[in-house]
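For the record, in the sequence shown the residue sitting at position 133 is 127 according to the numbering used here, with numbers rising by one throughout.
Every residue, glycine too, gets a C-beta built ideally from N, C-alpha and C.
Remember, it's a predicted structure, so these values are computed and weren't measured experimentally.
A short worksheet on the structure shown next.
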Amino acid sequence: MSEIRENKRAGGGSRGYSLVELLVVLGLAATLLAIGVPALIGQMNHLRLTRSVRDIAIELNAARLKAIAQNNRYNVHFTLNAAPAVDTYRLQYFDGASDWIDEPTHETKEVEPGIDIVSPGADFDIDFWPQGKGTARSICVQYTASDKMKIDVTEAMGRITIENGC
């Protein structure tokens, strides 16, 4: 009987993990984090770029739809600022004489910090007419030199499309 008790103690005497085992697990976890965190941060920045591009496209679509519904010219005016100031855009309508007036139901919107409208360059407008036509233009929006998206507006139909790259 005493032999059985001694064998139980010898085989079952381990109460936890050794220091070496814990260091191996911590090393593996640190390696996985070192690989995964930069990729996750890059993906988050691309999502910010995608959200900004979609917000601009929504405003352009709003201008086109308002031009058709109100039977009046509308535009989206873009103001490009040097960093660290952010680029802005706003919806405007034509007063019938010679002036563009800010649409009271739409506030001036800002592109997210760190995201820039890089072309067509300088301040610009994209106009929409009551027939649905628009100013043919490509807008390049970038987060980094390698992470860019393009918004295209066609003239004949005022169609707005988004694609990766510029």
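Burial state of residue i (16 or more Cβ within 10 Å)
i   : result
Q64 : exposed
D81 : buried
Residue i (DSSP reduced to helix, strand or coil)
i    : result
H71  : strand
S46  : helix
V80  : coil
T25  : helix
E149 : coil
I35  : helix
E18  : Checking the displayed sequence, the identity of residue 18 turns out to be Val instead of Glu. Three-state result, V18: helix.
Spatially closest choice to residue i from the options, by CA coordinates
i    : options               : result
D89  : T148, N69, H100, D117 : N69
K127 : N75, T25, A57         : A57
E191 : S46, L54, L13, E149   : For the chain, the structure presents residues -5 to 160; residue 191 sits outside this window and is missing.
Short Cβ contact (8 Å threshold) for residue i with residue j
i    : j    : result
D119 : H71  : yes
N66  : P114 : no
M143 : I154 : no
D141 : T73  : no
Delimiting residues of the beta strand (DSSP E) encompassing residue i
i    : result
C134 : 131 to 138
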